[in-house]
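*Asks:* Our numbering applies: residue 1250 is where the sequence shown begins, and numbers increase by one.
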Amino acid sequence: MDRQRLVEKLEAEFGGNDTAIRAVARQAGDLADSGRLVADAGYELTAGTVVEHLQDAPAEYTLVERWNWWIGSLALAYGESYRRFRVRTDID
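#1: Mind reading off the beta-carbon distance from L1303 to I1270? Whole number of angstroms is fine, and I expect it under 8 Å.
#2: I'd like to know whether the C-beta atoms of V1256 and A1274 end up nearer to each other than 8 Å.
#3: Could you give the distance in angstroms between the alpha-carbon of E1309 and the alpha-carbon of G1284?
#4: A1306 and M1250 - do their beta-carbons sit closer together than 8 Å?
#5: Would the beta-carbon of R1332 fall within 8 Å of that of A1324?
#6: Express the C-alpha separation of A1277 and L1299 in angstroms, rounding to a whole number.
#7: Residues in the same chain with beta-carbon distance under 7 Å from L1280, minus the five sequence neighbours each way, listed in chain order, please.
#8: Please report the straight-line C-alpha distance between G1321 and S1330, rounded to a whole angstrom.
#9: By the three-class DSSP mapping on this structure, what secondary structure does R1335 have?
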């Protein structure tokens, strides 16, 4: 996954502070690198798929809350090991 492209897409779509954007991009990159999503859900993580999934979160959520909401849904669907990709909410 192109992390810089993800940073740009997250900033354009959701805004937020630089620390939160970079933290989400870093965790998304780590998730992509782990290969778990390909193994469990059958698709590779791209900047576009991250944005698509985060758009499904409640509109009032911050970027970090959206990311953690999606990671929580992955944990429910595929197991608690996804929780390691959460982002601390105090950086938002």
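The beta-carbon is built from N, C-alpha and C at its ideal position, and this holds for glycine as well.
This structure is a prediction, so every number in the text was calculated from the model and none was measured.
*Replies:* Result, derived from the coordinates:
#1: Not really, about 12 Å apart at Cβ, beyond 8 Å.
#2: yes
#3: 30 Å
#4: For M1250 and A1306, no; Cβs fall outside 8 Å.
#5: Taking 8 Å as the Cβ cut-off, R1332 and A1324 qualify as a contacting pair.
#6: Sequence inspection shows Val at residue 1299; the Leu mentioned does not correspond to that position. About 8 Å.
#7: L1286, L1294, F1334
#8: 10 Å
#9: coil
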